[in-house]
Amino acid sequence: MSEPAVHLYQIAYSPATLAAVEPGYAVLDNLANPRPDWYEYEPMRRFLLQRPLDDSAYYGFFSPKFGAKTQLTAAQVRATVLAAGADVVLFSPQPDMGAFFLNVFEQGETFDPGLIDAYSAFLDHVGRPAPLRQLVMDSRQIVFSNYFVARPAFWREWLALNEALWAVCEGPPTPLQQALTAPTSYPGAAQRKVFLQERAASLLLTVQPRWRTYAANPYTMGWSASRLREHPAEAVMSDALKVAWREQRFPQYIDAFCRLRERFARA
146 MSEPAVHLYQ IAYSPATLAA VEPGYAVLDN LANPRPDWYE YEPMRRFLLQ RPLDDSAYYG
206 FFSPKFGAKT QLTAAQVRAT VLAAGADVVL FSPQPDMGAF FLNVFEQGET FDPGLIDAYS
266 AFLDHVGRPA PLRQLVMDSR QIVFSNYFVA RPAFWREWLA LNEALWAVCE GPPTPLQQAL
326 TAPTSYPGAA QRKVFLQERA ASLLLTVQPR WRTYAANPYT MGWSASRLRE HPAEAVMSDA
386 LKVAWREQRF PQYIDAFCRL RERFARA
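Going by the working numbering, the sequence shown opens with residue 146, and the numbers climb by one from there.
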């Protein structure tokens with residue numbers, strides 16, 4: 146049996162990023178950049194909506210910073226995907242940002258208060274409610290910056306959820322739309338919708354256990370620029386406790402995670 150194709154794209158939104166596309170990546174052309182307010186999502190959605198997908202293949206779409214953040218080449222990404230044989234393969238850097246928080250929504254709320262309430266209201270609005278404050282995510286569900294490679298079945302599920310977000314944000318002004326498009330402290334006052342869109346994969350992998358995932362070792366990648374990076378051993382232990390809880394559901398694992406986090410926060 147022949148190996149499945151692995152289609153890897155790097156997004157180019159300027160002449161400089163086009164010139165810097167790394168070997169092994171095809172170019173996802175966003176030079177016109179008609180919707181910079183959506184960052185990488187707009188060229189990704191355009192690809193997924195307009196191009197036929199091979200259901201036996203894998204697809205990944207990465208920002209120009211992917212190589213620097215993950216320390217991976219396209220060849221290494223491709224080899225990891227083929228060896229994993231999963232539905233979704235994760236390449237998420239900043240392991241401290243994933244490990245020290247219960248889930249990616251709690252992490253996002255720390256930097257953008259109101260994020261959880263806004264996305265909870267959106268999920269209720271589209272009939273997909275989820276307990277965002279209680280979800281437990283470990284390195285097998287945590288995705289930042291859309292850094293994952295997946296088969297088309299998962300991409301379609303991902304696109305459906307994010308297109309529902311697009312529809313609300315692009316629709317008539319409502320309190321929900323205003324909450325989803327609120328400016329954040331991210332450089333350029335990026336709207337909240339960008340960071341919610343990036344968390345869709347994590348949500349799906351957590352609430353839909355049918356997806357087979359494989360996480361490339363995040364501890365070999367770039368850590369965050371925050372002071373959290375100064376505590377790598379605690380990050381590893383925190384993630385391990387969440388992995389253990391998801392496997393066995395013993396409450397003592399989450400209790401230990403919370404105690405470790407409290408000691409870390411006091412220190």
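For every residue, glycine included, the Cβ atom is placed at its ideal position computed from N, Cα and C. Since we're looking at a predicted model, the values are computed, not measured.
Check each candidate in Gln-252, Gln-336, Ala-389 and Tyr-331 and name the one with the smallest Cα separation from Gln-239.
-> As a working note, residue 239 is residue 94 in the sequence shown. Gln-239 has its Cα closest to that of Gln-252, out of Gln-252, Gln-336, Ala-389 and Tyr-331.
By Cβ distance, which residues of its chain are closer than 7 Å to Asp-182, with the 5 residues on each side in sequence left out?
-> Position 37 of the sequence shown holds residue 182. Cβ-Cβ distances below 7 Å link Asp-182 to Gln-336 in the same chain, with the five nearest sequence neighbours on each side left out; the list follows chain order.
Rounded to whole angstroms, what's the CA-CA distance from Tyr-154 to Asn-362? Just pull it up for me.
-> Against the sequence shown, residue 154 aligns to sequence position 9. Against the sequence shown, residue 362 aligns to sequence position 217. A straight line joining the alpha-carbon of Tyr-154 with that of Asn-362 spans about 21 Å.
Along the beta strand (DSSP E) that carries Ala-157, what are the first and last residues, could you check?
-> For the purposes of this step, residue 157 is taken as the residue at position 12 of the sequence shown. According to the DSSP assignment, Ala-157 belongs to the beta strand (DSSP E) that extends over 151-157.
May I ask which residues mark the beginning and end of the beta strand (DSSP E) holding Gly-205?
-> Along the sequence shown, one-based indexing puts residue 205 at 60. The continuous beta strand (DSSP E) containing Gly-205 extends over residues 203-207.
What is the DSSP secondary structure of Asp-232, counted as helix, strand or coil?
-> Within the sequence shown, the letter at position 87 stands for residue 232. Three-state DSSP puts Asp-232 in coil, outside helix and strand.
So Ala-410 is in the beta strand (DSSP E); what residue range does that whole segment cover?
-> Against the sequence shown, residue 410 aligns to sequence position 265. Premise fails: Ala-410 lies in the alpha helix (DSSP H), 396-411, not in any beta strand (DSSP E).
Going straight from the alpha carbon of Val-222 to that of Gln-286, what length do you get?
-> Within the sequence shown, the letter at position 77 stands for residue 222. Within the sequence shown, the letter at position 141 stands for residue 286. Between Val-222 and Gln-286, the alpha-carbon positions lie close to 18 Å from each other.
Whole-angstrom Cβ separation of His-152 and Ala-202, contact assumed at under 8 Å?
-> Indexing the sequence shown from 1 puts residue 152 at position 7. Indexing the sequence shown from 1 puts residue 202 at position 57. Confirmed, Cβ separation roughly 6 Å.
Roughly how many angstroms lie between the CA atoms of Phe-409 and Ala-298, to the nearest whole one?
-> For the purposes of this step, residue 409 is taken as residue 264 along the sequence shown, with counting starting at 1. For the purposes of this step, residue 298 is taken as residue 153 along the sequence shown, with counting starting at 1. Answer to the nearest angstrom: the Cα atoms are 40 Å apart.
Every unbroken alpha helix (DSSP H) inside the stretch 226-274 [4 residues or more] | The alpha helix (DSSP H) runs lying completely inside the stretch 226-274 and spanning 4 residues or more are 240-244, 249-256 and 260-270, given in chain order.
Name, in chain order, the residues that DSSP records as bridge partners for Tyr-359.
-> Numbered from 1 along the sequence shown, position 214 holds the residue referred to as residue 359. Note: Tyr-359 sits in a beta bridge opposite Val-234.
Tell whether a beta-carbon distance below 7 Å holds between Asp-174 and Trp-356.
-> Along the sequence shown, read from residue 1 onward, the residue named residue 174 stands at position 29. Along the sequence shown, read from residue 1 onward, the residue named residue 356 stands at position 211. No Cβ-Cβ contact shorter than 7 Å links Asp-174 with Trp-356.
Out of Phe-245, Gln-322, Leu-373 and Tyr-292, point me to the one whose CA is closest to Val-281's CA.
-> Residue mapping note: residue 281 aligns to position 136 of the sequence shown, counting from 1. Restricting attention to Phe-245, Gln-322, Leu-373 and Tyr-292, the CA atom closest to the CA of Val-281 is found in Phe-245.
First through last residue of the beta strand (DSSP E) which encompasses Phe-289 | Counted from its first residue, the sequence shown places residue 289 at position 144. Where Phe-289 is concerned, there is no enclosing beta strand (DSSP E), given that its DSSP letter is neither H nor E.
DSSP puts Phe-293 in a beta bridge; with which residues?
-> Counted from its first residue, the sequence shown places residue 293 at position 148. The partner list for Phe-293 (beta bridge, DSSP) reads Leu-235.
Using the DSSP secondary-structure output, state which residues sit across from Ala-165 in a beta bridge.
-> Along the sequence shown, read from residue 1 onward, the residue named residue 165 stands at position 20. Answer is none; Ala-165 lacks a bridge partner.
In whole angstroms, what is the alpha-carbon distance linking Leu-348 and Ala-165?
-> Sequence index remark: in the sequence shown, residue 348 carries index 203 (1-based). Sequence index remark: in the sequence shown, residue 165 carries index 20 (1-based). Straight-line Cα distance between these residues: approximately 32 Å.
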